[in-house]
Amino acid sequence: MTAFSPRRLAALVVAVGTVLLTGVVTAAPAGAADPVDYRQTKTLTREHVATDGTTTTVDSREVTVQVDRTQSLRGRERIHVSWSGARPSAGRSADPYGFNGMNQEYPVVILQCRGVDDASAPEAEQVRPETCWTSTYLQRYAAGVVSAGVWRHDRYASDEDRADQETLPGWPAECGLLPGSVFAQHLLPFEAASGTVYPSCSNTTIAPESAIDAALPPADIAAFTNLDGTGDVQFEMRTSTENESLGCSSEVPCTLVVIPIMGLSCLDADPACLQTGDFAPGSSNLSDVGVDDAVSPRFWWSESNWRNRFSVPLDFALPPDACDVLDSRAPVGMYGSELLNQASLQWAPAYCLRADRFKFQHNRMPESSALRLLGTGDAVAAFVSDAARSSTVDLAYAPTAVTGFGVAFVADLPDNAGELTQLRMTPRLLAKLLTQSYPATNDVRAHEGLENNPLALNTDPEFLELNPGLSTVAAEAKATILSLSEASDVMTAVTGYLAADPEAMAFLGGEPDPWGMRVNPSYQDIDVPREDWPMLDTYVRESTRECEQLIRSPYLGLVAAPVNSLRKISEAVLDAWPNVQTQCTRSTTTDPWKFGRIARQNYGVRFMLGLVSLGDAERYGLRTAELRTAGTGPGATFVAPSVATMSTAVAQATQTAPGKPFTFDRTSLDPTGYPGTMVVSTAARVSGLDAADAGHVAQFIRTATTEGQISGPGNGQLPDGFVPIASTGPTAALYAAAQQAASTIEAQKGPAVAPPTTPATVPLGAATGSLAVRPPAPRSGGVPVGGTPQTVDGLPAPASADVEAAGPSGTTVAQESGAGGTAVKATLGLALAGVLGAPLLRSLATRRRAS
Amino acid sequence: MSVVEANPFAPPEPGRVLPPPERRVRAPRRPPRPVPPRLPRPTMPEAASVAYTAMLLVAALAGWALLQLFVLGGLSQTRAQQVLHAELRQQLAAETAPTGGSITPGDPVALLVIPTLGVRQVVVEGTASGDLTAGPGHRRDTALPGQAGVSLVYGRSAAYGAPFRSVALLRAGDGLQVTTGQGEFVYRVDGVRRAGDPLPAALDAGAARITLVTSEGDGPLASITPVRTVYVDAMLVGEAATGPGGRPAGVPDAEKALAADRSVLPQLALCLQGLLLAVAATAVALRRLPGRAVWPVAAGIVVALAWASTDAAAQLLPNLL
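In order, the protein sequence lines correspond to chains A and B.
According to full-length UniProt numbering, the stretch in the first sequence is residues 1 to 851, in order.
According to full-length UniProt numbering, the stretch in the second sequence is residues 1 to 321, in order.
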């Protein structure tokens, strides 16, 4: 451009002065109620420069931003960002995420960016607007008639940013040229972690992760500030696993950029730039009409806004596959409960990164299957909550974690009033949801027994009494709770919670609730507690839809559509994407119809429930419902999961015998204890386990119950959603039992006889399928002298004679059954008696008559 | 020296004239010989008559049961073996014979040949009484024949063809040949094991043993009234195969040695009902129609139902019978 004009010089001086005056960062006062990792206060101003060089301060705010967690973050984890002192927002849109949040005034833009905000760092590692992730290119690219190009009047922007960009060298060929006299354009390319630069001016020049139908919904948000200047939001983290172009990881530092939009500070008296908004503070903009550009989040990258940023440094945890990458040893597989997933994710690096420990691997599977693998010798340890129903081997159970299940919910209040933060559930409401007793649509009222039931949970008077203020528009997703299709101890606990409640049991038994709602007859008198929840309803809806006429599928089963892991449920709730499978889809008009998942719920009308683990709920920042523990009606007690309520509950867990798991008698729990609390134990054989494996299991139990119980986000620490097990306090009994079980497992001198020195593991698990060759089951006195153990599992001891048993000292025991011989002899006798007796009888009878 | 063959096409020698065909003349029918009037059969008192009929009926039923178990059952087993053999051959050729995983009970898994006894049987999966009516059965929670580990093969010793009637006569060193989807395997018999005999030595890693299990009895009717199990152990010669895994970890009680399969009771009840109905219908029909019209129709139905009933009832007997 030209040389400095006096006006520009004046502007520069003012700018420098303003920076010096307002850019003062005050240190965060310590000692806030909630633990926060980041807290900062800044004074933000909007100051215009008039043509005569004088400045007018339009607005000045002292804004404080705090973030609860910034360390060891994981993919899709949600952190809590809150602020105060910001300018109240206006024109609130129903969906604040991604491009949908652009038509708001004075929001707080929160973005995840690669790089650090440190002037001393090399330029490539600095955070810049070019390294900030936006889910659409429209949040980066600006084009409009020259008069509307507000960014061209930003007093803090560089000349280059204010210029007619398409005339500058380096304008990408992919981006079109508009007549410069009429239209102005501004590019903000995205620089990917790989170094690729995406011009981001059209659908074809963007990073792959920002496509419109991307797998994950947008995380970048233009959040709303309330009338009192406060606001808060759960912001979802994306690591390089979810977003490779952004590329945040434990090695690539990233920054959370929080920009409270104050409005552009203008260089001149451009009317578009001087705008202060069309909407009243606190109002909604549900019809998504355009807002004043100068105060919209669309120009977050313009220097006036960018300089107001709060930069929160983010630290990411090792990726979930770190152990596979960093440790080449063979893993020691432990199988079972999904409740432990978040803990084992944090624990694993504490084992695999140390040479003196083993490579710990937790494979999720139904607890009963894991116990069976213990029996066959395919697993060394299993994570379970309930004792094995039947086991051919003796097991010891070491309490390893205290966590539980929760009913996660996402629900929006009507009239754009934000999210519901507290939900109350009773066992009977859970029973209604699980038994598919809500018809979901009016067509299903033809289903016998459901004629007079409310359509969905949110039209049920029992629910409305507990949770007033929600929308009462019924929908399929509101008639169900997303639950597990697989057998799991979690389902045992959930159904045990129902079984312990007289109201829920009366409902399941067929009694109507006080409002006349009845259980779905398909589920009446179902046995609870039970390990899995079956799909019993077979009602096929009469529908005019072609696909439903062609595919005769039970409708309520499609609505419930349980999934096979708790993680999938958590992610469904996180995305507010119900798993209701009633959408008719086909790829082309000639393809056959199939049922698919319905669309994600729109912000503002979300309502979804899911059964989740408390560890997942904490990681994904899901809200969990308060569950009723005692009382009925208005005087009932509802308890939310927390360390305190779970500690109260776990103090009541009991063991039937030493070495057995801790379980709950759910009918007599303390009303202040969280009823979803569960204890996860590590189960392993007490005899016949390879010495090395036994040592690994014992080491795992000891480590997990000591250093693994220190709460924190780091490697080897205990994540949120778990109650630490300590040697004192309510978990003392668990701690003692775990240490004892570790010793029993390490010694391998349980009731069963084990060879004194275990030879190298016989790889027969692989050789013959699940039939591993095992140490001998206890048989009449025989201890094999050395040699390879060789009893086939799964056989009761007396029958093992015909299989294989110990070495020289064992003897064959024949099975005996006289039934066959007796039956054959008796039949033979009858046949002979008949054949011989009949003629005899005849001759006798006739002779007597003749004489 | 040459031999002159008579020319079959040569014209007939002169002088040889064929005699004219003789007309068969039927001998004049003799007048029927007068039959002496049969003496009226002395009638029995009613009670004795009922008892007599009942005894005959019981004898017929018991006789039928024995016939079926030991004679007709053998026929049906032979037929089943033919079908299984064809199926296994086809699977071996197509390389689809099972090598592991979950195999449907009743499917063929191996061909067992014992040359010294002349036994050649297709082994089926499963050891429930019903599976063993078709042939020897492989116990489902053990390694498949040919694979490392211990395989148990159960076989009947008396009924349904008695495929394992004489396996207890095997001597140490006799050979067993097993063909599965994984190849041919040769086993050498270690010996016959009865109650009190020492158990065989421990298996080394990767070794394989097959144990044939059947039953035997004692006394004059030993061959048809077995009471206890007898085992024949044979070690694999050569290298064992490995399987893909996924095998069941246990079997129901009905598949253990000398166990009966009570799950057949409903089927038995239905068969007996059918039999009763068929008999009743026959009896009614006999009153209205001549016997020569009724029996050709009824006999087939009654025999078929009696057959099915006996087959079902036989499953309530020990599976190694």
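Note that beta-carbon positions come from the ideal geometry of N, C-alpha and C, so glycine has one too.
Please read all numbers here as calculations on a predicted model, not as lab measurements.
Notebook entry, point to check: Taking Cβ-Cβ distances shorter than 8 Å, what residues in chain B pair up with A:Arg372?
Noted result: For this step, residue 372 of chain A is matched to residue 372 along the first sequence. What A:Arg372 touches in chain B: Ala249.
Check: In the segment 690-726 of chain A, which residue ranges form an unbroken alpha helix (DSSP H) of at least 4 residues, counting only runs that do not cross its ends?
Finding: 691-704
Notebook entry, point to check: According to DSSP, what are the bridge partners of A:Met425?
Noted result: As a position in the first sequence, residue 425 of chain A is number 425, starting the count at 1. Answer by DSSP bridge pairing, in chain order: A:Leu627.
Next item on the list: Could you tell me the distance, in whole angstroms, from the CA atom of A:Thr421 to the CA atom of A:Leu466?
Entry: As a first step, residue 421 of chain A must be located in the first sequence, where it is residue number 421. As a first step, residue 466 of chain A must be located in the first sequence, where it is residue number 466. In a straight line, the C-alpha of A:Thr421 is about 13 Å away from that of A:Leu466.
Item checked: Counterpart residues of A:Gln40 in DSSP-defined beta bridges -> By 1-based counting over the first sequence, the position of residue 40 of chain A is 40. Answer is A:Val65.
Margin query: One question on the structure: do A:Leu395 and A:Arg685 come within less than 8 Å of each other, judged by their Cβ atoms?
Written below: Along the first sequence, one-based indexing puts residue 395 of chain A at 395. Along the first sequence, one-based indexing puts residue 685 of chain A at 685. For A:Leu395 and A:Arg685, yes; Cβs fall inside 8 Å.
Note to self: If we define contact as Cβ-Cβ less than 8 Å, is B:Val227 a contact residue for chain A?
What the structure shows: The residue given as residue 227 of chain B occupies position 227 in the second sequence. Interface residue, yes.
Check: Should B:Gly126 be flagged as near chain A, meaning a C-beta pair shorter than 8 Å?
Finding: The sequence position of residue 126 of chain B within the second sequence is 126, counting from 1. Chain A, which has no Cβ nearer than 8 Å to the Cβ of B:Gly126, makes this no.
Item checked: Interface partners of B:Gly137 on chain A, CB under 9 Å -> Along the second sequence, one-based indexing puts residue 137 of chain B at 137. Under the 9 Å cutoff, chain A gives no residues; its nearest Cβ is about 14 Å from B:Gly137.
Check: What is the rounded straight-line gap between the Cα of A:Ala561 and the Cα of A:Ser483?
Finding: Working through the first sequence from its first residue, we reach residue 561 of chain A at position 561. Working through the first sequence from its first residue, we reach residue 483 of chain A at position 483. Looking at the two C-alpha atoms, the distance is approximately 8 Å.
Note to self: Distance cutoff 8 Å, beta carbons only. Does A:Arg842 sit that close to anything in chain B?
What the structure shows: On the first sequence, position 842 is the one that residue 842 of chain A refers to. Yes, because at least one Cβ of chain B sits closer than 8 Å to the Cβ of A:Arg842.
Margin query: Would A:Lys749 pass as an interface residue toward chain B - the criterion being a Cβ-Cβ separation below 8 Å?
Written below: Numbered from its first residue, the first sequence carries residue 749 of chain A at position 749. It does not: the Cβ of A:Lys749 has no partner Cβ on chain B nearer than 8 Å.
Margin query: Does the CB of A:Val380 have a neighbour CB from chain B at under 8 Å?
Written below: Position 380 of the first sequence, counted from the start, is the residue given in the question as residue 380 of chain A. For A:Val380, the answer is no, since every Cβ of chain B falls outside 8 Å of its Cβ.
Note to self: What are the residues in the segment 168-201 of chain B lying within 8 Å of chain A by C-beta distance?
What the structure shows: Arg193, Arg194, Ala195, Gly196, Asp197, Pro198, Leu199, Pro200, Ala201
Note to self: Quick check for students: name the residue ranges of the beta strand (DSSP E) that lie wholly in the segment 320-396 of chain A, counting only runs of 3 or more.
What the structure shows: 332-336, 360-364, 381-384
Margin query: Just checking: is the beta-carbon of A:Gly834 within a distance shorter than 8 Å of some beta-carbon in chain B?
Written below: In the first sequence, residue 834 of chain A corresponds to position 834, counting from 1. Judged by the 8 Å Cβ criterion, A:Gly834 is in contact with chain B.
Check: Smallest Cα separation from A:Glu707: which of A:Val528, A:Asn308, A:Ser727?
Finding: On the first sequence, position 707 is the one that residue 707 of chain A refers to. Cα-wise, what sits closest to A:Glu707 is A:Ser727.
Notebook entry, point to check: So what does DSSP say about A:Gly98, is it helix, strand or coil?
Noted result: The residue labelled residue 98 of chain A in the question sits at position 98 within the first sequence. Helix, per DSSP.
Notebook entry, point to check: Quick one: what does DSSP say A:Met517 is sitting in, helix, strand or coil?
Noted result: For the purposes of this step, residue 517 of chain A is taken as residue 517 along the first sequence, with counting starting at 1. It is coil, neither helix nor strand.
Next item on the list: Quick one: give me the first and last residue of the beta strand (DSSP E) that A:Asp527 is part of.
Entry: Position 527 of the first sequence, counted from the first residue, corresponds to residue 527 of chain A. That residue, A:Asp527, is in no beta strand (DSSP E); it is neither H nor E in DSSP.
Next item on the list: Kindly indicate the opening and closing residues of the alpha helix (DSSP H) around B:Asp261.
Entry: Within the second sequence, the letter at position 261 stands for residue 261 of chain B. No alpha helix (DSSP H) holds B:Asp261; DSSP gives it neither H nor E.
Next item on the list: Compare the Cα-Cα distances from A:Thr672 to each of A:Thr682, A:Asp693, A:Glu626, A:Arg702 and report the closest residue.
Entry: Counted from its first residue, the first sequence places residue 672 of chain A at position 672. A:Thr672 has its Cα closest to that of A:Glu626, out of A:Thr682, A:Asp693, A:Glu626, A:Arg702.
Margin query: In this structure, how does DSSP classify A:Cys547 when only helix, strand and coil are distinguished?
Written below: Along the first sequence, read from residue 1 onward, the residue named residue 547 of chain A stands at position 547. Correct three-state label for A:Cys547: helix.
Notebook entry, point to check: Is the beta carbon of A:Ser245 within less than 7 Å of some heavy atom of the ligand PLP?
Noted result: As far as ligands go, the structure on display features none, and thus does not contain the ligand PLP.
Next item on the list: Please classify B:Lys256: is it buried, with 16 or more other beta-carbons within 10 angstroms of its beta-carbon, or exposed?
Entry: Position 256 of the second sequence, counted from the first residue, corresponds to residue 256 of chain B. When all chains shown are included, B:Lys256 counts as buried.
Checklist line | Member of A:Asp575, A:Glu451, A:Thr667, A:Asp489 whose CA lies at the smallest distance from the CA of A:Met505 | finding: The count along the first sequence starts at 1 and reaches residue 505 of chain A at position 505. That would be A:Thr667, whose Cα lies nearest to the Cα of A:Met505.
Next item on the list: Using 10 angstroms around the beta-carbon of B:Asn319, count the other beta-carbons present and answer buried if the total reaches 16, otherwise exposed.
Entry: In the second sequence, the residue the question calls residue 319 of chain B occupies position 319. Buried: at least 16 other Cβ atoms inside 10 Å.
Next item on the list: Say whether the segment 489-499 of chain A touches the segment 385-393 of chain A, bearing in mind that this needs 3 or more beta-carbon pairs closer than 8 Å, one atom from each stretch.
Entry: yes
Margin query: Please identify, using Cβ separations under 8 Å, the residues of the segment 486-514 of chain A that lie next to chain B, in order along the chain.
Written below: none
Next item on the list: Give the C-beta separation of A:Met517 and A:Lys432 to the nearest angstrom, bearing in mind that I take them to be a contact with Cβ-Cβ under 8 Å.
Entry: What you label residue 517 of chain A is simply residue 517 of the first sequence in a count that begins at 1. What you label residue 432 of chain A is simply residue 432 of the first sequence in a count that begins at 1. Yes, they are in contact, since the Cβ atoms of A:Met517 and A:Lys432 sit about 7 Å apart, within 8 Å.
Next item on the list: Check the C-beta distance from A:Glu503 over to A:Pro427 and give it rounded, since I have them as a contact under 8 Å.
Entry: Looking up residue 503 of chain A in the first sequence gives position 503. Looking up residue 427 of chain A in the first sequence gives position 427. With 8 Å as the limit, A:Glu503 and A:Pro427 qualify as a contact, their Cβ atoms being about 7 Å apart.
Check: At least one CB of chain A closer than 8 Å to the CB of B:Leu221: is that the case?
Finding: What you label residue 221 of chain B is simply residue 221 of the second sequence in a count that begins at 1. Interface residue, yes.
Notebook entry, point to check: Among B:Gly217, B:Ala143, B:Val297, which has the Cα closest to the Cα of B:Gly246?
Noted result: As a first step, residue 246 of chain B is located in the second sequence; it is residue number 246 there, counting from the start. The shortest Cα separation from B:Gly246 among B:Gly217, B:Ala143, B:Val297 belongs to B:Ala143.
Check: For the candidate residues A:Pro366, A:Lys478, A:Arg530, whose alpha-carbon lies nearest to that of A:Val559?
Finding: To locate residue 559 of chain A, count along the first sequence from 1; it is residue 559. Of the listed residues, the one whose Cα sits closest to A:Val559 is A:Lys478.
Margin query: Please tell me whether B:Val71 has its Cβ less than 8 Å away from any Cβ of chain A.
Written below: Start at 1 with the first residue of the second sequence, and residue 71 of chain B comes out as number 71. No, because no Cβ of chain A sits closer than 8 Å to the Cβ of B:Val71.
Notebook entry, point to check: Between which two residues does the beta strand (DSSP E) containing B:Tyr231 stretch?
Noted result: Counting from 1 along the second sequence, the entry for residue 231 of chain B is found at position 231. 228-237 is the span of the beta strand (DSSP E), which, as asked, contains B:Tyr231.
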